[in-house]
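Since the structure comes first, as structure tokens, the remarks are kept for the end.
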Amino acid sequence: MAKGKTADLVLLDPEKFINITENVQIEPIEEFGNFNRLVNRNEGVVSIVMAGGKLIFENEKFSEDYGKSQKYGQFLEKTTSN
């Protein structure tokens, strides 16, 4: 990271990993034909998420304009190196 540059950032609280439980839930993924995945929610582990230098998630809540009016980055296509 550098001053004046945009960045993506995820800030984790390592002390919250201590509270990981074996309480696993099955949640379907609609985009994949309701394929079931195992989910273990660990509240508080993710403190902050930023993309392109813009705040997306903080204190267990998404920003109000996330997914609505604010653009939070761009899709980066896979490139191949020969």
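Going by numbering that gives the first Met the number 0, the first residue of the sequence shown is number 0, and it counts up by one from there. Where is the CB? At the ideal position from N, CA and C, for every residue including glycine.
The beta strand (DSSP E) enclosing residue i, as first and last residue numbers
i   : result
P27 : 24-28
L8  : 8-11
Which residues DSSP lists as bridging residue i, in chain order
i    : result
R40  : Looking at the DSSP assignment, R40 forms no beta bridge with any residue, so it has no partner.
A50  : K53
F152 : Because the chain spans 0 through 81 in this model, residue 152 falls outside it and cannot be assessed.
Cα-Cα separation, residue i to residue j
i   : j   : result
F61 : I55 : 6 Å
T79 : V9  : 27 Å
G82 : T5  : For the chain, the structure presents residues 0 to 81; residue 82 sits outside this window and is missing.
Residue i vs residue j beta-carbon contact at 8 Å
i   : j   : result
V48 : K15 : no
Query raised in the report: Would the region 67-78 and the region 27-46 be scored as touching if the rule is three or more Cβ pairs under 8 Å?
Result: no
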